[in-house]
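Residue numbers (UniProt numbering): 1 to 214. Quick notes on the structure that follows.
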Amino acid sequence: MSYREKYTNDLQSLVNEVIDLGHICYERLQGATGLLSREDITPARELVAGDKEVNRLEYNINSHAVTLITTQAPVATDTRIIISSIKIAYDLERISDNISNLGEVRKRVKITNEKLLLRLSTMEQLATLMLKDVYTAYQEQDASLCEEVYERDKDIDSLFVHVTTSDIFEETDLFVTGQSQLCAKYLERIGDHVKNIAEHVYFVMTGEKIEKLD
């Protein structure tokens with residue numbers, strides 16, 4: 001194997017590590033809000049514990065990226081890929097943190113308000129679809145899909161406003177109210193991080209930032 005071939009393989013390996021981390025976060029997010037109303041607290045504890053693996057993988061990605069930068073002196077597109085990999089891994093790690101926070105809420109309280117649960121579930125589904133579409137955009141080199149995902153974060157923000165300014169007042173238990181607001185905030189932050197990832201992927205493909213329409 002030539003020097004160039006080894007470098008190309010190492011760079012692709014870094015990209016694959018980021019994609020694998022994305023898949024893990026995608027799986028962790030699916031159904032996370034469903035745990036909020038479950039009787040059994042064990043799945044919530046498992047959700048929280050699963051964040052340790054994400055932290056380990058993010059550390060490995062950062063180490064791999066630093067090694068490539070310091071030993072290969074990459075230029076142009078390769079540099080964008082490496083730097084963006086670090087940023088995407090960070091956003092995925094923060095997504096995982098917020099998923100774990102949902103599990104922590106369930107460890108403290110069970111949420112039974114059906115309207116609240118529906119809103120939270122919808123926020124989760126929107127974020128999950130955004131994350132899936134970012135992956136599709138990268139695989140198909142579809143910059144316009146990145147822009148679409150970026151804009152769709154507004155839908156999650158809108159639901160966050162509903163939960164925290166209107167729906168929340170249907171809950172009579174103040175502690176449950178506070179915990180429900182936290183859940184909405186965690187999901188809103190997840191949407192923000194997926195939005196960031198869409199921008200990073202767009203930058204890898206185009207070398208430019210997404211033109212902000214908001």
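Note that beta-carbon positions come from the ideal geometry of N, C-alpha and C, so glycine has one too.
Do you know how far the Cα of Cys-146 is from the Cα of Asp-133? 8 Å
- With a threshold of 16 other CB atoms inside 10 Å of the CB of Ala-198, please say whether the residue is buried or exposed. buried
Lys-195 - containing alpha helix (DSSP H), residue span:
174-206
Using a 10 Å radius around the Cβ and a threshold of 16 neighbouring Cβ atoms, would you call Ser-84 buried or exposed? buried
By the 10 Å Cβ neighbour count, where 16 or more other Cβ atoms means buried, how is Glu-124 classified, buried or exposed? buried
Any idea what DSSP makes of Arg-38, helix, strand or coil?
-> coil
Within the same chain, show all residues whose beta-carbon is closer than 6 Å to that of Tyr-186, passing over the 5 residues directly before and after it, in chain order. Residues Asn-98, Asn-101, Leu-102 of the same chain have their beta carbon placed closer than 6 Å to that of Tyr-186, with the five preceding and five following residues left out of the count.
Note to self: Just to confirm the assignment, what range does the alpha helix (DSSP H) spanning Val-75 have?
What the structure shows: Unbroken run through Val-75: none, as it is neither H nor E.
task = May I ask you to report which of helix, strand or coil DSSP gives Lys-110?
result = coil
Exposed or buried, Tyr-179, counting other C-beta atoms within 10 Å across all chains shown (16 or more means buried)? Looking at the sequence provided, one finds Gln at residue 179 rather than Tyr. Result: buried.
With a 10 Å radius around its C-beta and 16 neighbouring C-beta atoms as the bar for buried, classify Glu-158 as buried or exposed. The amino acid occupying residue 158 in the given sequence is Ser; Glu does not appear at that position. Exposed, since its Cβ has fewer than 16 Cβ neighbours within 10 Å.
DSSP three-state assignment for Ser-96, whether helix, strand or coil:
helix
Q: In the DSSP assignment, find the unbroken alpha helix (DSSP H) run with Thr-164 in it and report its ends.
A: Run containing Thr-164: 143-165, per the alpha helix (DSSP H) assignment.
Practice problem: To the nearest angstrom, report how far apart residue 220 and Tyr-150 are at their CA atoms. | Solution: No answer is possible for residue 220: it lies beyond the span of the chain, which begins at 1 and ends at 214.
Check: For Ala-65, which residues from the same chain have a beta carbon less than 7 Å from its beta carbon, with the 5 sequence-adjacent residues on both sides left out?
Finding: These residues qualify, in order along the chain: Leu-14, Ile-82, Ser-85, Ile-86.
_Using only the alpha-carbon positions, how far apart do Tyr-90 and Arg-4 sit?_
28 Å
Q.
Please tell me whether Gly-191 and Leu-92 are closer than 7 Å, where the distance is taken between their beta carbons.
A. no
C-beta atoms of Ala-137 and Val-48 nearer than 7 Å: Cβ distance not < 7 Å, so Ala-137 and Val-48 don't count as in contact.
Within a Cβ cutoff of 8 Å, which residues of the same chain sit near Asp-20, ignoring the five residues on either side of it in sequence? Leu-57
The segment 111-124 in contact with the segment 59-75 per 3-pair CB rule at 8 Å = no
Validate contact between the segment 109-118 and the segment 32-43 using beta carbons, cut 8 Å, 3 pairs:
yes
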